[in-house]
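Asks:
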Amino acid sequence: LFPNSKMLDELVYKAIIWGFPFLTAGIITGAAWANYAWGTYWSWDPKETWSLIVWLVYAAFLHARITRGWHGKRAAILSIVGFLATIMCYLGVNLVLSGLHSYGGS
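Counting from 88, one number per residue, gives the positions in the sequence shown under this note's numbering.
1. How about residue 130 and residue 114: do their beta carbons lie closer than 7 Å?
2. Assess, as a yes-or-no matter, whether the segment 96-108 is touched by the segment 144-154 under the definition of 3 or more beta carbon pairs within less than 8 Å.
3. If you draw a straight line from the C-alpha of residue 182 to the C-alpha of residue 118, how long is it?
4. Select from 140, 151, 165 and 153 the residue whose C-alpha is nearest the C-alpha of residue 111.
5. Give every residue of the same chain whose Cβ lies closer than 7 Å to the Cβ of residue 135, excluding the five residues on either side of it in the sequence, and list them in chain order.
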């Protein structure tokens with residue numbers, strides 16, 4: 088049903104290594120747009136904060152993988168934490184928290 092663990096480990100690493108620059112670019116361009124629109128690069132809105140948390144978790148994953156050689160269980164746990172933070176960023180902020188970037192909820 089699933090590929091072997093080494094193949095899955097490599098797939099997760101490749102997904103993060105490709106996605107991380109896009110996340111970085113999104114945060115930077117979002118900050119530039121915020122400065123243009125509202126006169127400040129960062130306002131600690133829940134969406135901004137959770138985007139930063141996601142960025143930090145995936146940066147930690149890449150750092151641990153590249154410099155410490157993390158593979159297997161430790162890398163998997165960190166990637167799952169990153170995925171959960173991503174879900175919180177995309178869904179939780181909109182449904183649970185309120186702020187400038189909250190689009191759902193009541």
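All C-beta atoms in this analysis are idealised placements derived from N, C-alpha and C, irrespective of residue type, glycine included.
In this text the structure is predicted, and so the values were computed from the model without any measurement.
Replies: This is what the structure gives:
1. no
2. yes
3. 23 Å
4. 140
5. 129
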